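Report on one structure; see the data block that follows.
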Amino acid sequence: MANLLWLQGGACSGNTMSFLNAEEPSACDLVTDFGINILWQPSLGMELGDGVQQILKDCISGATKLDIFVFEGSVVNAPNGTGEWNRFAGRPMKDWVRELSAAADIVVALGDCATWGGIPATAPNPTDSQGLQFLKRDNGGFLGTDFKAKSGLPVINIPGCPAHPDWVTQILVAVATGRAGDLALDEFQRPKTFFQSFTQTGCTRNMHFAYKVSATEFGQRKGCLFYDLGCRGPMTHSPCNRILWNRVSSKTRAGMPCLGCTEPEFPFFDLAPGTVFKTQTVMGVPKDLPEGVNKKGYVKLTGAAKAAMPEWAEEDIFVV
Amino acid sequence: MSKKDDDILRDKIGKMLADGLVTQTEPFPEDNHQFELILKELRQLDPQDLEQKLVISGFIDKPYGEDKQRCLECMYYLVHRKWCDLPELAVPVEAEWWCRLWRI
Numbered sequence: 001m002a003n004l005l006w007l008q009g010g011a012c013s014g015n016t017m018s019f020l021n022a023e024e025p026s027a028c029d030l031v032t033d034f035g036i037n038i039l040w041q042p043s044l045g046m047e048l049g050d051g052v053q054q055i056l057k058d059c060i061s062g063a064t065k066l067d068i069f070v071f072e073g074s075v076v077n078a079p080n081g082t083g084e085w086n087r088f089a090g091r092p093m094k095d096w097v098r099e100l101s102a103a104a105d106i107v108v109a110l111g112d113c114a115t116w117g118g119i120p121a122t123a124p125n126p127t128d129s130q131g132l133q134f135l136k137r138d139n140g141g142f143l144g145t146d147f148k149a150k151s152g153l154p155v156i157n158i159p160g161c162p163a164h165p166d167w168v169t170q171i172l173v174a175v176a177t178g179r180a181g182d183l184a185l186d187e188f189q190r191p192k193t194f195f196q197s198f199t200q201t202g203c204t205r206n207m208h209f210a211y212k213v214s215a216t217e218f219g220q221r222k223g224c225l226f227y228d229l230g231c232r233g234p235m236t237h238s239p240c241n242r243i244l245w246n247r248v249s250s251k252t253r254a255g256m257p258c259l260g261c262t263e264p265e266f267p268f269f270d271l272a273p274g275t276v277f278k279t280q281t282v283m284g285v286p287k288d289l290p291e292g293v294n295k296k297g298y299v300k301l302t303g304a305a306k307a308a309m310p311e312w313a314e315e316d317i318f319v320v
Numbered sequence: 321m322s323k324k325d326d327d328i329l330r331d332k333i334g335k336m337l338a339d340g341l342v343t344q345t346e347p348f349p350e351d352n353h354q355f356e357l358i359l360k361e362l363r364q365l366d367p368q369d370l371e372q373k374l375v376i377s378g379f380i381d382k383p384y385g386e387d388k389q390r391c392l393e394c395m396y397y398l399v400h401r402k403w404c405d406l407p408e409l410a411v412p413v414e415a416e417w418w419c420r421l422w423r424i
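Line by line, the protein sequences are chains A and B. The numbering of the first sequence is our numbering, which starts it at 1 and goes up by one. The numbering of the second sequence is our numbering, which starts it at 321 and goes up by one.
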């Protein structure tokens, strides 16, 4: 039996909603089949007021063993470092977070806001938000660079806006069944099993990417969304086209550009007007090229790809 | 448009450029904001006003600049149809032409 506690800071509850949509395993399966005991969760917990406060205090004192602490949402420090803008159970949430993180065997930051600060931490960051162990790309965050949970692991980051239900449940199952030590994490403490490949990996538009055929309007089935519509699939680490959403689709499959929501910089360009759903260019060349590709190589590749383009690549081949 | 219509219109554009139609090749839009300003101008045109479309977008009938930029490498260019797929332009073109809405 692994005790799990889940709290929300500066959050929209999107990750909770995503988690509740989990299918294999479902949230219920975690309890019945994998021995996870949910001490409290904002949408599932029955206790209110003093009852919640007591659960949290027991976790901190050690009266209740806290195996897994899941935090969703940013850590709000405003105003003036007090955290008073996000109070919970009688005190600033950030005070609970610090003490619960110190008491937990495993700490999981769930969603962009908990991992890197996300949308709340977008400039000018009025809530003085941080992620648990990162603020955007900078290691440190609320708990600091040296933080390790009791298990010896740093915060396990599961980013996404929201995170896919399977990313959450599979990591929770691994942790609850004693396999946390098997999780290989990348430089941003994301489990590599999910965040080593790219959103583009498995994208149905890869042939259009290869032959440099651009989609020029949303919902078009032909063409790649990278060249004009701001898709960040070639630069974003996520399995969105390997582990499909609702088991059937993904943003790019539906004609919607990837927003890069599993990367620390999300939302990119601080949401400046004209930067969303529009590929940013400098003198006609994309500002952000596919990972590992330089400008010279990209220009050469484009010339060769265009010269080799087959006629079918210009057509909508998905006939209904 | 049929392929025949495309060919007729492409020949017409080619003749206009060959006859010395002066277009705005400069300034080249350095970033998205400048690019969007040109698109806005194009959207305000009468869709039938081919000449102004060519003038504003800076069409020329040869490669441009030190890098010899041309439609062939532009991401809006459809090779087999010889067509500019940028919705604001949507005209038949030749691979060796160029305009300042060139993007790669």
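The beta carbon of each residue, even a glycine, is placed where N, CA and C say it ideally should be. Bear in mind the structure is a predicted one, so any value in this text is a computation, not a measurement.
Give a yes or no on whether 9 angstroms exceeds the smallest Cβ distance from residue i to chain B.
{"i": "A/A210", "result": "no"}
{"i": "A/M309", "result": "yes"}
{"i": "A/K296", "result": "no"}
{"i": "A/G303", "result": "yes"}
{"i": "A/G292", "result": "no"}
{"i": "A/V107", "result": "no"}
{"i": "A/K306", "result": "yes"}
{"i": "A/V299", "result": "yes"}
Can you tell me whether residue i is buried or exposed? The criterion is at least 16 other CB atoms within 10 Å of its CB, across all chains shown.
{"i": "A/C203", "result": "buried"}
{"i": "A/G181", "result": "exposed"}
{"i": "A/W116", "result": "buried"}
{"i": "A/T216", "result": "buried"}
{"i": "A/F318", "result": "exposed"}
{"i": "A/T252", "result": "buried"}
{"i": "A/G178", "result": "exposed"}
{"i": "A/L135", "result": "buried"}
{"i": "B/L409", "result": "buried"}
{"i": "A/W96", "result": "buried"}
{"i": "B/L406", "result": "buried"}
{"i": "A/C28", "result": "exposed"}
{"i": "B/I328", "result": "exposed"}
{"i": "A/R247", "result": "exposed"}
{"i": "A/L48", "result": "exposed"}
{"i": "A/T32", "result": "exposed"}
{"i": "A/T145", "result": "exposed"}
Is the shortest distance between the beta-carbon of residue i and the beta-carbons of chain A less than 9 angstroms?
{"i": "B/M395", "result": "yes"}
{"i": "B/P412", "result": "no"}
Which chain B residues sit within Cβ distance under 9 angstroms of residue i?
{"i": "A/Q280", "result": "D351 and N352"}
{"i": "A/M283", "result": "F348, P349, E350 and D351"}
So which residues on chain A does residue i lean against when the C-beta distance must stay under 7 angstroms?
{"i": "B/E346", "result": "Result: empty, since nearest Cβ-Cβ is about 13 angstroms, beyond 7 angstroms."}
{"i": "B/R401", "result": "E314"}
If you measure from the CB of residue i, is any heavy atom of the ligand ZN nearer than 8 angstroms?
{"i": "B/Q389", "result": "The ligand content of the structure shown is nil, which means the ligand ZN is not present either."}
Grab me the residues of residue i's own chain with a C-beta within less than 6 angstroms of its C-beta, minus the 5 sequence neighbours each way, in chain order.
{"i": "A/F142", "result": "V75, Q130 and L132"}
{"i": "A/G230", "result": "P257, F277, K278 and T279"}
{"i": "A/A78", "result": "W85, T127 and D128"}
{"i": "A/M283", "result": "none"}
{"i": "A/E72", "result": "Q8, A11, N15, L110, G111 and A114"}
{"i": "B/F355", "result": "P349"}
{"i": "A/R221", "result": "D316 and F318"}
{"i": "A/V60", "result": "According to the sequence as given, residue 60 of chain A is Ile; it is not Val. Once the five neighbours on either side are set aside, the close Cβ partners of A/I60 are E99 and A103."}
Enumerate in chain order the residues of its own chain whose CB-to-CB distance from residue i is below 8 angstroms, with the five nearest sequence positions on each side excluded.
{"i": "A/A176", "result": "A2, L4, L30, F34, G35, I36, D67 and I68"}
{"i": "A/H237", "result": "D186, R190, F195, Q196, S197, F198, T199, T262 and E263"}
{"i": "A/G358", "result": "Past the edges of chain A, shown from 1 to 320, lies residue 358 of chain A, and the structure says nothing about it."}
{"i": "A/D228", "result": "S214, A215, T216, K278 and T279"}
{"i": "B/M395", "result": "R423 and I424"}
Which residues in the same chain have their Cβ closer than 7 angstroms to the Cβ of residue i, if we skip the five residues on either side of it in sequence?
{"i": "A/T302", "result": "K212"}
{"i": "A/P154", "result": "Q133, F147, K148 and Q189"}
{"i": "A/G260", "result": "R232, M235, T236, F266 and F268"}
Taking Cβ-Cβ distances shorter than 8 angstroms, what residues in chain B pair up with residue i?
{"i": "A/T216", "result": "Y396, D405, L406 and P407"}
{"i": "A/G274", "result": "N352, H353 and E356"}
Quick one: list the residues of chain A neighbouring residue i, beta-carbon separation under 9 angstroms, in chain order.
{"i": "B/R423", "result": "S214, Y227, D228, T279, T281, G284, V285 and P286"}
Chain B contacts made by the stretch 189-214 of chain A, where a contact means CB separation under 8 angstroms: Using a CB distance below 8 angstroms, the part of the stretch 189-214 of chain A facing chain B consists of K212, V213 and S214, ordered along the chain.
Under 9 angstroms (Cβ pairs) to chain A, residues found in the stretch 352-368 of chain B: N352, H353, F355 and E356
Within 7 angstroms of chain A by C-beta, residues of the stretch 376-392 of chain B in sequence order: L392
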